[in-house]
Amino acid sequence: MFLAACAPTEFTEPPEVILVDLRPMDVSLFEQRLAVGLRIRNLNDTPMEINGLRFALGLNGKPFAKGTSDHSLTVPRLSDAETEGVASVATADILRQIMGAPDAKGLTYRVSGVLFLSGATRRSIAFDSQGDFDLLSTSSAGKLRGLGQ
């Protein structure tokens, strides 16, 4: 019985990670640093104790930026919590995104990476989520949303 109590928590469902904000921080000729707001949704019946994450962000089907966060947070069971990371992107990649955008109505995003879990086992769990952003919708103006919401 003692061993069962000490066994590592298994998450049956991967977390959903939703892009909720994207803001410029530092701008230079060759690189932009962005503050990336992420909502982590825990679909499991046990809390997630997170002590950092690594992520890649794609926009409109193309790689865009890579980032990290060293923030610690607890995502309650069957709930969500927000955190912020910092991503870097080459200025040339931003220009390519703007020039290659099929229309100005909206964009799709994909965020994938790894959450680092705290606790005795100190392990990680992968995530891969996607969503869209309707630039013309007045009801979602300024808001990103995950697909299926």
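Residue numbers for the sequence shown follow the numbering used here, so the first one is 18 and each next one is one higher.
Each residue gets a CB set at the ideal place from its N, CA and C atoms; glycine is no exception.
Other residues of its chain near Leu95: CB distance less than 8 Å, five sequence neighbours each side excluded: If you number the sequence shown from 1, residue 95 lands on position 78. The answer, listed in chain order, is Asn59, Leu60, Asn61 and Asp62.
Any beta carbon of chain B sitting closer than 7 Å to that of Gly102? The chain labelled as chain B is not found in the depicted structure, where only one protein chain is given.
Can you tell me whether DSSP reads Leu39 as helix, strand or coil? Numbered from its first residue, the sequence shown carries residue 39 at position 22. Leu39 falls in the strand class under three-state DSSP.
Three or more C-beta pairs under 8 Å: does that hold for the stretch 77 to 94 against the stretch 41 to 60? yes
Which same chain residues, not among the five before or five after Arg140, have their C-beta less than 6 Å away from its C-beta? For the purposes of this step, residue 140 is identified with residue 123 of the sequence shown, where counting begins at 1. Contacts found: Leu134.
Given this structure, state the Cα-to-Cα distance separating Asn77 from Glu99, to the nearest angstrom. Sequence index remark: in the sequence shown, residue 77 carries index 60 (1-based). Sequence index remark: in the sequence shown, residue 99 carries index 82 (1-based). About 23 Å.
The alpha helix (DSSP H) enclosing Gly117, as first and last residue numbers: The count along the sequence shown starts at 1 and reaches residue 117 at position 100. Unbroken alpha helix (DSSP H) run through Gly117: Thr108 to Gly117.
Reducing DSSP to helix, strand and coil, say where Phe28 ends up. Looking up residue 28 in the sequence shown gives position 11. Three-state DSSP puts Phe28 in coil, outside helix and strand.
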